[in-house]
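Take a look at the structure set out below.
Residue numbers (the working numbering): 6 to 135.
Below, the structure is given as structure tokens:
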């Protein structure tokens with residue numbers, strides 16, 4: 006019997022804390038590689054370009070940068086991106102200081118790891134077929 010298995014999900018919980026460290030809300034993060042990887046890479050590339058182009062004195066470039074950041078957060082956190090923004094009371098810089106390390110240092114490497122496993126699995130299947 007041949008078995009077909011779904012790709013694993015990346016799952017995590019993100020706690021939103023107040024100034025004294027009390028948990029106000031917990032957001033569950035559940036990501037499927039198939040749904041995310043291409044758009045994640047595109048959005049990260051757009052974010053890098055926006056970071057290079059941003060000029061703090063230029064309102065239009067700051068807005069463009071903010072829109073790319075929110076696009077990335079909506080991609081990962083979906084409707085909870087607005088919950089996160091509300092938690093930070095619209096203070097984008099504070100939010101970015103806290104959220105972007107999680108996105109870039111936790112979620113990004115996990116997606117790359119999941120992608121590497123998938124590629125290795127496909128290569129192994131082709132080798133076995135020959």
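Cβ coordinates follow ideal geometry from the N, Cα and C atoms, glycine included.
Residue environment, residue i, which counts as buried when at least 16 other CB atoms sit within 10 Å
i: residue 146; result: Nothing can be reported for residue 146, as the shown portion of the chain is limited to 6 through 135.
i: residue 63; result: exposed
i: residue 109; result: exposed
i: residue 50; result: exposed
i: residue 112; result: buried
Coil, strand or helix - residue i by DSSP
i: residue 78; result: helix
i: residue 46; result: helix
i: residue 132; result: helix
i: residue 103; result: helix
i: residue 63; result: coil
i: residue 17; result: strand
Residue i - partner residues in DSSP beta bridges
i: residue 91; result: For residue 91, which the question treats as bridged, DSSP gives no partner whatsoever.
TODO: Could you tell me whether the stretch 13 to 32 touches the stretch 64 to 77, using the rule of 3 or more Cβ pairs below 8 Å?
DONE: Taking 8 Å as the limit for Cβ pairs, the verdict is that the stretch 64 to 77 does not touch the stretch 13 to 32.
- [ ] Taking 8 Å as the threshold, find out whether the stretch 29 to 38 comes into contact with the stretch 93 to 102 through three or more Cβ pairs.
- [x] no
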